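Asks: Residue numbers (this note's numbering): 627 to 788.
All residues carry an ideal CB built from backbone N, CA and C; glycine is no exception.
Computed from a prediction, not measured in an experiment: that's the story for all the values here.
Shown below is the structure under consideration.
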Amino acid sequence: MSVAYIALGSNLNQPVEQLNSAVEAIINLPTTQVLAVSSFYRSKPLGPQDQPDYVNAVAKIETELTPLTLLDALQQIEHEQGRIRLRHWGERTLDLDILLYDQLVIHSERLTIPHYDMHNREFVIIPLYEISPELTLPFGIKISEVKNKFKNHKMELAIKNK
Ligand code: ROI
């Protein structure tokens, strides 16, 4: 069994519903348990500003899926929820990114773990810290220290459940 963290994000077609459905779909993946889901956070877009605000969250899972099988499964969920991507760094209905997978470091054509920019994104670090404040990332980086960069974040919580 491995432990992985998945970032969820949406800013189109009812983002809160998108995230709730995605969590439901992850719960239903073979050999996979969802151990925790963070609060849902409303965040300003990183990238072009003329797009709606995002709703972001992080889920912690335990799985027997390998990193690439997990990636396939998450991409399938994105497509099943009618993933639309209008432009590069633009609005999207659902984004599911593997942030971490045990302490693995992977640089392959399809997959970079840890996620290449996670340390710079408050909408990833704050929810990750919420569910795993004791976490140490590869290379001995403590989530508690990364989180200090975002002490003054202005993200608000979104109501999770219908
Ligand atoms: N901005 C925010 N706030 N949240 C996201 O999930 C997100 N995802 C993206 C880009 C376009 C980089 N900006 C984002 O892919």
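Is it the case that the segment 753-767 contacts the segment 679-692, given that we only count it when at least three CB pairs across the two stretches are under 8 Å?
Replies: The segment 679-692, when compared against the segment 753-767, does touch it at the 8 Å Cβ threshold.
Asks: What's the C-alpha gap between Q677 and E717?
Replies: Taking the straight line from one Cα to the other gives about 6 Å.
Asks: When every heavy atom of the ligand ROI is checked, does at least one fall within less than 7 Å of the C-beta of F749?
Replies: For the ligand ROI, at least one heavy atom lies less than 7 Å from the Cβ of F749.
Asks: With DSSP collapsed to three states, give me the class of T695.
Replies: In the structure shown, T695 sits in a helix (DSSP, three-state: H, G or I).
Asks: Name the two residues that bound the continuous beta strand (DSSP E) containing F666.
Replies: Where F666 is concerned, the enclosing beta strand (DSSP E) stretches over F666 to S669.
Asks: So who's on the other strand from Q659, going by DSSP bridges?
Replies: Note: Q659 sits in a beta bridge opposite E688.
Asks: Taking all protein chains shown into account, decide if D723 is buried (16 or more other Cβ within 10 angstroms of its Cβ) or exposed.
Replies: Classification for D723: buried.
Asks: Can you confirm whether the segment 700-720 touches the segment 642-654 when touching is taken to mean that 3 or more C-beta pairs between the two stretches lie within less than 8 Å?
Replies: Counting Cβ pairs under 8 Å, three or more are found: they touch.
Asks: Among residues of its own chain, excluding the 5 on either side of V663, which ones have a beta-carbon nearer than 7 Å to its beta-carbon?
Replies: Counting only Cβ-Cβ distances below 7 Å, and skipping sequence neighbours, we find V649, A683 and A685.
Asks: Which one or two residues does DSSP pair with I710 in a beta bridge?
Replies: According to DSSP, I710 bridges with nothing at all.
Asks: According to DSSP, A784 sits in a beta bridge with which residue or residues?
Replies: Answer is F666.
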